[in-house]
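Protein chains in written order, with this note's numbering: chain A, 1391 to 1624; chain B, 3 to 391. No residue lacks a Cβ here, since even glycine has one placed at the ideal position from N, Cα and C. Since the structure comes first, as structure tokens, the remarks are kept for the end.
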């Protein structure tokens, strides 16, 4: 056997190992979901108290299946809302939330999030956006398209600042958000992070739609100016 | 669909900003009917002192008033002494809590409603009515599909709202409406307030109530009310932080008018820190509602029997929070409120607060269970033999 063949075999062996490990995790997750769906509450004597996030993270680290159940009970409505705002489909959103739970199960450990809520929200937002990108038969979601068009005005694509990573740009946006007052920052994030409809933001903040639109317009302009100043919009 | 790059970059902002943006808002002045009324689901608990025809109500309208600990309940007992006479003349004179709060509990700011009873004058209605007769309607409540209606409180008596309805009112019929939802008009006011008054984010509840009363008096011409009632809605967030919202509605000697005002025409004041402007957010009233008929009603007692028989609607996921079903001992409160249906109508329901399993240690959790207040013979599209949630 040639040396190159040995290397290839080792590579295949390695991939199989990874695959079987992931597959094991996946199958275990399917088992958890099915048990949760058909046998809730999970077991006799199970209390309905949901522990603090730090405890839930510990349960993830201990590979305790209750971590999934607690996370779902605590954050499923929020995750579903984010997914639904992006995808506009109940079925797709449900799948994304389940994928996000699987994602949390697979990534904790090695991750140990200090903020479980934000962690799970980021996962579901990412998954939903990824699905949106690849879902060519997506029903038109006017509100979302409007949000994306508005964001494209600020920073459309990789032609701008090709050497900056998304993480770098995210850090710049984070610093920009620190310059805003609390209400403006939250309005901006409700629209462009959570993808809430303007009507929902109106209800949340008690402002008129024109006022919300005005806040968003001014903040987008400020952000674009800020990114230019930071050398990102080049 | 093309996703601009900044969308992905936004996922790298700090976790704290994301969670902060998802914190419950104290001011909820623009909530739609379903939400704003949802927040009112506990008003009957405070109506034990409602006086009818000048007489104190003999029993509190709360089903389990004996279960309600007393420290914050002076406003919900049948003790007439808990309603100082000064409160009847002017709401502005009532500014202090009527009792010491339970540790960890919210103070009681209830201002008792007083009226002479319930009567409908069809020649003088605050809404459009073309003489339609009752027909069968679907009473399935509108459900946004987002979460469920549950309220945290150390005691149900904390979930108080100044609903003019009480079980002791003799109500034979109520109007139902087609379409519409509450709308408001923003009226800009001078942002200057005396020292000690503020509506800024984070002010304590005493300051907020004091300021709303001050503004309601100062801008009574813009408000256009002959007199007003104050609503202070309380509950707690998931983190046990008190959450409250203050609004006003036009009071009336006739409970029917007061109920309509309470459900459809409340107003509030809010301060916009972004522009440093102060606004009166005035309810537009019932111009956009059309009454499709006056329907015979059932009593709260009958509705309670239906609730216990499982004929109710709820968004509470029972498998998680109510494993043993609705039992009498868990029903803590009832009030009448108007809610939108899936069929585009707005109809009266009895909303019961049922104690459900709390998922937070040390605080109680109350879920909303609704029973249509109109006679079942006019309802269709729901299985009245079983719950229809």
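- Please compile the residues from chain B whose C-beta is within a distance smaller than 8 Å of the C-beta of residue 1559 of chain A. 7, 8, 11, 14
- Item | C-beta atoms of residue 195 of chain B and residue 213 of chain B nearer than 8 Å | yes
- Item | Where residue 2 of chain B falls: helix, strand or coil (DSSP) | Absent from the structure is residue 2 of chain B, since the part of chain B shown begins at 3 and ends at 391.
- Task: Tell whether a beta-carbon distance below 8 Å holds between residue 166 of chain B and residue 305 of chain B.
- Result: no
- Looking at the structure shown, is residue 169 of chain B part of a helix, part of a strand, or coil, going by DSSP? coil
- Name the chain B residues whose beta carbon is nearer than 7 Å to that of residue 1542 of chain A? Correct list: 6.
- Query: Using 8 Å as the limit for Cβ to Cβ distance, is residue 219 of chain B near chain D?
  - Reply: Among the protein chains in the structure shown, which are A and B, there is no chain D.
- Message: Taking CB distances under 8 Å as the criterion, tell me whether residue 329 of chain B reaches chain A.
- Response: no
- Task: Alpha carbon to alpha carbon, how far is residue 326 of chain B from residue 371 of chain B? Give it in angstroms, no decimals.
- Result: 15 Å
- What separation, rounded to the nearest whole angstrom, lies between the Cα atoms of residue 1485 of chain A and residue 1512 of chain A? 15 Å
- Message: To the nearest angstrom, how far is the alpha carbon of residue 1574 of chain A from that of residue 1609 of chain A?
- Response: Straight across, the Cα-Cα distance linking residue 1574 of chain A with residue 1609 of chain A is about 8 Å.
- Message: I'd like the span of the alpha helix (DSSP H) that includes residue 236 of chain B, first residue to last.
- Response: Element bounds for residue 236 of chain B: not the alpha helix (DSSP H) but the beta strand (DSSP E), 230 to 238.
- Task: Compile a chain-ordered list of the residues in the region 277 to 293 of chain B whose CB is closer than 9 Å to at least one CB of chain A.
- Result: Here the close residues are 277, 281, 283.
- residue 86 of chain B versus residue 342 of chain B: straight-line alpha-carbon distance, rounded: Only weak support exists for where residue 86 of chain B lies, its pLDDT of 27 falling under 50; the value from the coordinates is given anyway. Taking the straight line joining both Cα atoms gives about 36 Å.
- Query: Going along chain B in order, which residues have a C-beta closer than 8 Å to the C-beta of residue 1628 of chain A?
  - Reply: Residue 1628 of chain A lies beyond the stretch modelled for chain A, which goes from 1391 to 1624, so this question has no answer here.
- Query: If you draw a straight line from the alpha carbon of residue 309 of chain B to that of residue 152 of chain B, how long is it in whole angstroms?
  - Reply: 17 Å
- Of the residues B:252, B:345, B:18, B:358, which one's Cα is nearest the Cα of residue 1565 of chain A? B:18
- By the criterion of Cβ-Cβ separation under 7 Å, what are the contact partners of residue 1512 of chain A in chain B? The answer, in chain order, is 13.
- Message: Under 8 Å, CB to CB, which of the residues in the region 200 to 227 of chain B have a partner in chain A?
- Response: Within the region 200 to 227 of chain B, the qualifying residues are 203.
- Task: If I'm right that residue 1597 of chain A touches residue 274 of chain B with Cβ under 8 Å, what's the distance once you round it to whole angstroms?
- Result: 7 Å
- Task: My understanding is that residue 265 of chain B touches residue 340 of chain B, with C-beta atoms under 8 Å, so please give their C-beta distance in whole angstroms.
- Result: About 4 Å separates the beta carbons of residue 265 of chain B and residue 340 of chain B, which is inside the 8 Å limit, making them a contact pair.
- According to DSSP, which residues form a beta bridge with residue 367 of chain B? B:154, B:358
- Message: Under 8 Å: do the region 1502 to 1509 of chain A and the region 1444 to 1453 of chain A share three or more Cβ pairs, one atom per stretch?
- Response: Because the criterion of three Cβ pairs below 8 Å is met, the region 1502 to 1509 of chain A and the region 1444 to 1453 of chain A touch.
- For the region 1563 to 1584 of chain A, which residues have a beta carbon sitting closer than 9 Å to at least one beta carbon of chain B? 1563, 1564, 1567, 1568, 1571, 1572, 1573, 1574, 1575, 1576, 1577, 1578, 1579, 1580, 1582, 1583, 1584
- Message: Does chain B have any CB closer than 8 Å to the CB of residue 1457 of chain A?
- Response: Residue-level contact by beta carbon fails for residue 1457 of chain A and chain B, as no gap is shorter than 8 Å.
- Task: Within the same chain, show all residues whose beta-carbon is closer than 6 Å to that of residue 1606 of chain A, passing over the 5 residues directly before and after it, in chain order.
- Result: Cβ contact annotation for residue 1606 of chain A (same chain, cutoff 6 Å, sequence separation greater than five): 1581, in chain order.
- Message: Along the region 352 to 365 of chain B, where does the CB come closer than 9 Å to a CB of chain A? Name the residues.
- Response: 358, 359, 360, 361, 362, 363
- Query: Are there 16 or more other CB atoms within 10 angstroms of the CB of residue 254 of chain B, so buried, or fewer, so exposed?
  - Reply: buried
- Message: Out of A:1494, A:1483, A:1476, A:1562, which one is the CA nearest neighbour of residue 1448 of chain A?
- Response: A:1494
- Query: For the beta strand (DSSP E) that contains residue 396 of chain B, what are its first and last residues?
  - Reply: With chain B covering only 3 through 391, there is no way to say anything about residue 396 of chain B.
- Kindly indicate which three-state DSSP category residue 200 of chain B falls into: helix, strand or coil? coil
- Task: Check residue 8 of chain B in the structure and name its three-state DSSP category.
- Result: helix
- For my contact list, residue 9 of chain B and residue 1538 of chain A are in at a C-beta cut-off of 8 Å; report their separation, rounded to the angstrom. 7 Å
- Name the chain B residues whose beta carbon is nearer than 9 Å to that of residue 1519 of chain A? 5, 9, 10, 13
- Message: To the nearest angstrom, how far is the alpha carbon of residue 1514 of chain A from that of residue 1479 of chain A?
- Response: 14 Å
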